[in-house]
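Note that the UniProt record's numbering numbers the sequence shown so that position 766 is 766, with each residue one more than the last. Worksheet for the structure shown next.
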Amino acid sequence: NLASVILQMLALGLGDIKRFPFVQAPDNRNITDGVSLLEELGAVKPAARREQTSLTQTGRKLSRLPIDPRLARMVLAAAPLGALREVIIIAAALSIQDPRERPQEKRGAADEKHGRFEDADSDFMAFLNLWQYLEEQQEALSRSQFRKQCQKDFLAYMRVREWQDIVYQLTTVCTEMGLKASGNEASFEAIHQALLSGMLSHIGQKDEKKFYKGARNSQFHIFPGSGLFKKSPKWVMAAELVETSKLYARINAKIDVNWVAPLAEHLVKRSYSEPHWEKKQGCVIAFEQQTLYGLIIVGKKRTVYSQIEPALCRELFIKEALVAQQLGQNEAFLQHNQALIEDIQDLENKARRRDILVDEHMMQAFYETRIPADVNNRAAFNHWWKDKKKADKRFLHMDRDALMQHEASHITALDYPDVWQQGNLMLPLSYHFEPGQPVDGVTVNIPLPLLNQVASEGFDWHIPALRHDLICSLIKSLPKSLRRNFVPAPNYADAVLAAIEPMQGGFLEALANRLLRMTGVKVDVEAFDLGALESHLKMQFQVLDEHNKVIAHGYDLDVLKAKLQGKVTQTLSKVAEKGIEQEGLTEWSFGDLPSEYTKKQGGYEIKAFPALVDNKQSTSISLFDHPLKAHQAHRLGLRRLVMLNVPSPVKYLQQHLPNKAKLGLYFNPFGKINDLIDDCTAAGIDALLGDYSAIRSEQDFEQAKEHVRAELGDKVVEIASAVEQVLSIAHGINKRMKGRVDLTMITAHGDIKSQLESLIFKGFVSQHGAHKLPDLLRYMKAIEKRLEKLPVDPNRDRLCVLELEKVASAYTDKCNKQPKGIPMPTTLDEIFWMQQELRVSLFAQTLGTPYPISAKRITNALNEIE
């Protein structure tokens, strides 16, 4: 190339090479290539059109070095890096024919000798290693011996001498230029960064297809003789690119691509992507990509974008920092504007529409007309705003009316309440208009400590504003045979709302009753398909912890209560005063025990229910989240505390119970006799205690204990005798049903076994209570009579079973609908016994029932339970 000639002509002031009167002018393409190389090396300034190329300060220094410009550039770069001595040696070696010889007939021997100098990551380092070896040999040997040693090592002696001469010349010139060598050995990085400054267009990136992508879309391969041939590092630089059958890179080194950008600052092309506001930085950041001759040398560098595209940065600053509230600092105008926006968004959520608040463009326009054009980052904004707000602190305050596209006077607190009131509880409501999302609709926010106080009743009425839509949807969810009686649904919804008294009873019941009155058409509550309702028409609940974070969310409050009852109990225990909950109690030593415990915390009243708890060998006091749970636990705990403080009735029982009864108890089917006696004892204590829930003081307990002590023996004898009769008949029934069974009686036998399992089980005496033992005896006798009649008319028995199964199914459904984790109401327990009386009525009418009974009466009783 003509780079060296052009450099010297410019240094001598001979003018533009294209205008120089050569005898035979060089090809313009060669001139262009030479100038391009000088631009790459930073030797000349890129010439504008019609301007003459001129040397830079670097170019003037390069012209003084008697060596190829690429190599001269390496030498200049080496001095500040402390690698001048090493780079001069390498540059001198590159300026001559390689001193290493490789005769055709002695390739193996030559490769073995030369292999001593190779470096795993750089062919350039081989020159340094060779130079050091030559210095050592030359110092140790005479001139003739040194010449012979070179021959043995397959080194061309004359080229070695030439190499040494050029090193001397370059060292002398560098000294004259004020470039001094460092006294320390240079690092690999320093040497190769200096070399790279002269080879910027000779770098390559490894491709997946096993070649290297080079400058200007070129492709090359590592020369097989290179020490890097088998290693193939990701990035390399090459001293020269030689084209034979392929384009080969000779004399290579592994490089770090991060070295390139600082050296090629004047050559790289920059492009930017993804400009975005960063709150932490307080400005717009973009990702910069740098390419050198088409190769990506910096893939994604974060860079401040303010000076690159200020107009776009201003737009993003306004949109993100101000409109989206991401400025990163508290400002009164931002708080004021956001409060207005949230207030209007709340109106939109309540009205379930998205056209009340103006769009973001209108908000952006507000700021664009007020903020100077040169403000596009936080620092610039603060500089301007510091003075501006002194003059007018409300300059950036938005106006409510300007933020609203439509008025919203119809959204009143009566129709869209902010809180749901239930007794003394005030539960915040939140509104969301996000169709298809889980949070769409109205949500009741319940603090965890209050969850046990919130009743399920009333929420089915929803908020007043949505009741009309709710009624319409419920009517449309009915089967067609019913739905056609209430057309058009909106008109019926209007009429229903005008007539019913809100929050009185269940909403579905009130709706069904009103439709019946209006049309005479009976609608069962079960006919309404709640699953067909849109999500916003079903009240939602979310439970919040002490940090106001949602810990549970759903449509069924009872399910949430059951799921979180453990956490509620833990929370109640945490807030309770020390000493309320106690363990290891074997006597009443804790003073009065209140039925309810309250404590104010966090702006609301926490309520819990203390009760004694049965721990077998002792009792404890625990707080419960529901009065029914506390009531049930207290009964068992009080019973246990009495048992621990009165003598066991076992001896008395042995003395006074008839032998026949003793024998019957020993053959009970539920384990050890002691377990059955304990069960009878527990039932006896329950019978003697009476209204145990009223026993909450030590005085009441002592009175009850003494009463039990005096009466327990006789009571247990009475109970055990009755139990023996029940078990004796039950044993006989099971005995009769053993063996082969006629096919016509299989259904009856299965039904009887199920009945026995529901009546007689381990712990049945205390579970049912002593007062139920006469009834149990009657039920056993009724089963006996049923078995007597069964062979005579099995068809009648089967029809009775069908009637019983309908009632039992309705009873089971009602039980399943009860809140989880809470004891069943006594009304359901009564209906269980009504089913037993129905059996007596159907199979043993002569035994009689204490009250009139029928399947219809049981169904009506079930319907009365909410």
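C-beta: ideal position from N, C-alpha, C; glycine also.
1. Reducing DSSP to helix, strand and coil, say where Thr53 ends up.
2. Look at Val716 and Leu653 and say whether their C-beta atoms are less than 8 Å apart.
3. I need the boundaries of the beta strand (DSSP E) containing Pro428, first residue and last residue.
4. Rounded to whole angstroms, what is the Cα-Cα separation between His768 and Thr859?
5. Ends of the beta strand (DSSP E) at Trp277?
6. For Val622, which beta-bridge partners are listed by DSSP?
7. I'd like to check one pair, Ala83 with Ala194: are the Cβ atoms closer than 8 Å?
8. Between the Cα of Ala249 and those of Arg60, Ile255, Phe220, spot the shortest distance and give me the residue it belongs to.
9. Thinking just about the alpha-carbon of each residue, which of Met158, Leu623, Gly603 is nearest to the one in Gly579?
10. Pairing CB atoms from the segment 305-321 with CB atoms from the segment 394-406, are three or more of them under 8 Å?
11. May I have the straight-line CA-CA distance separating Gly225 from Arg116, to the nearest angstrom?
12. By Cβ distance below 7 Å, which residues in the same chain neighbour Glu135 in space, the five residues on each side in sequence not counted?
13. Which of the three DSSP states, helix, strand or coil, is assigned to Glu189?
14. Leaving out five residues before and five after Gln325 in sequence, what residues of the same chain have Cβ atoms less than 7 Å from its Cβ?
15. Could you check the C-alpha separation between Glu457 and Pro464 for me, to the nearest Å?
16. Mind checking which residues open and close the beta strand (DSSP E) that includes Glu288?
17. Of the residues Gly227, Ile308, Thr586, Ser766, which one's Cα is nearest the Cα of Ile285?
18. If you draw a straight line from the alpha carbon of Arg353 to that of Phe433, how long is it in whole angstroms?
19. What do you reckon, are the CB atoms on Leu482 and Val523 nearer than 8 Å?
20. Classify Arg484 as buried or exposed, calling it buried when 16 or more other Cβ atoms lie within 10 Å of its own Cβ.
21. Looking only at its own chain, which residues have a Cβ that is under 7 Å from the Cβ of Glu509, when we skip the five neighbours before and after it?
22. Going by Cα to Cα distance, which pick from Gln421, Val419, Leu347, Leu799 is closest to Ile411?
23. What residue ranges within the segment 464-525 form continuous alpha helix (DSSP H) runs of no fewer than 4 residues, ordered along the chain?
24. Should Ser306 be labelled buried (16 or more other beta-carbon atoms within 10 Å of its own) or exposed?
25. Quickly, what does DSSP pair Pro447 with across the bridge? List them, please.
26. What did DSSP end up calling Phe590 once you bin it into helix, strand or coil?
27. At a cut-off of 7 Å, is Ser693 close to the ligand PLP when judged by its beta-carbon and the heavy atoms of the ligand?
28. Quick check: what's the CA-CA separation for Ile752 versus Phe761?
29. Do you know how far the Cα of Met237 is from the Cα of Thr58?
30. Return the CA-CA distance between Lys246 and Asn184, expressed in angstroms with no decimal places.
31. What span of residues does the alpha helix (DSSP H) with Trp235 cover, start to end?
32. With Tyr597 as the anchor, note down where its beta strand (DSSP E) starts and where it stops.
33. Have a look at Arg467 and Ser535 and give me their C-alpha separation to the nearest angstrom.
34. Does the Cβ-Cβ distance between Ile191 and Val87 come in under 8 Å?
35. Just how far apart, CA to CA, sit Asn30 and Leu14?
36. Can you tell me the Cα-Cα spacing of Asn28 and Ile17, whole angstroms?
If we stick to the structure as given:
1. coil
2. yes
3. 425-432
4. 23 Å
5. 269-278
6. Inspection of the sequence shows that residue 622 is occupied by Ser rather than by Val. Paired residue(s): Ala611.
7. yes
8. For the options Arg60, Ile255, Phe220, the alpha carbon positioned closest to that of Ala249 is the one of Phe220.
9. Restricting attention to Met158, Leu623, Gly603, the CA atom closest to the CA of Gly579 is found in Leu623.
10. no
11. Distance from the CA of Gly225 to the CA of Arg116, rounded to the nearest whole angstrom, comes to 14 Å.
12. none
13. helix
14. Leu334, Gln338
15. 16 Å
16. 283-292
17. Ranked by Cα distance from Ile285, the first of Gly227, Ile308, Thr586, Ser766 is Ile308.
18. 7 Å
19. Contact: yes.
20. exposed
21. Val525
22. For Ile411, the nearest C-alpha among the options comes from Leu347.
23. 467-476, 480-483, 489-499, 507-519
24. Ser306 counts as buried, since at least 16 other C-beta atoms from the protein chains shown sit within 10 angstroms of its C-beta.
25. Leu544
26. DSSP, reduced to helix, strand and coil, places Phe590 outside both helices and strands of the structure shown, so it counts as coil.
27. Although the ligand PLP was asked about, the structure shown includes no ligands whatsoever.
28. 14 Å
29. 22 Å
30. Whole-angstrom Cα-Cα distance: 41 Å.
31. Unbroken run through Trp235 is the beta strand (DSSP E), 235-243; no alpha helix (DSSP H).
32. 597-601
33. Rounded to the nearest angstrom, the two C-alpha atoms are 14 Å apart.
34. yes
35. Approximately 18 Å, taken between the alpha carbons.
36. The C-alpha of Ile17 is placed about 10 Å away from the C-alpha of Asn28.
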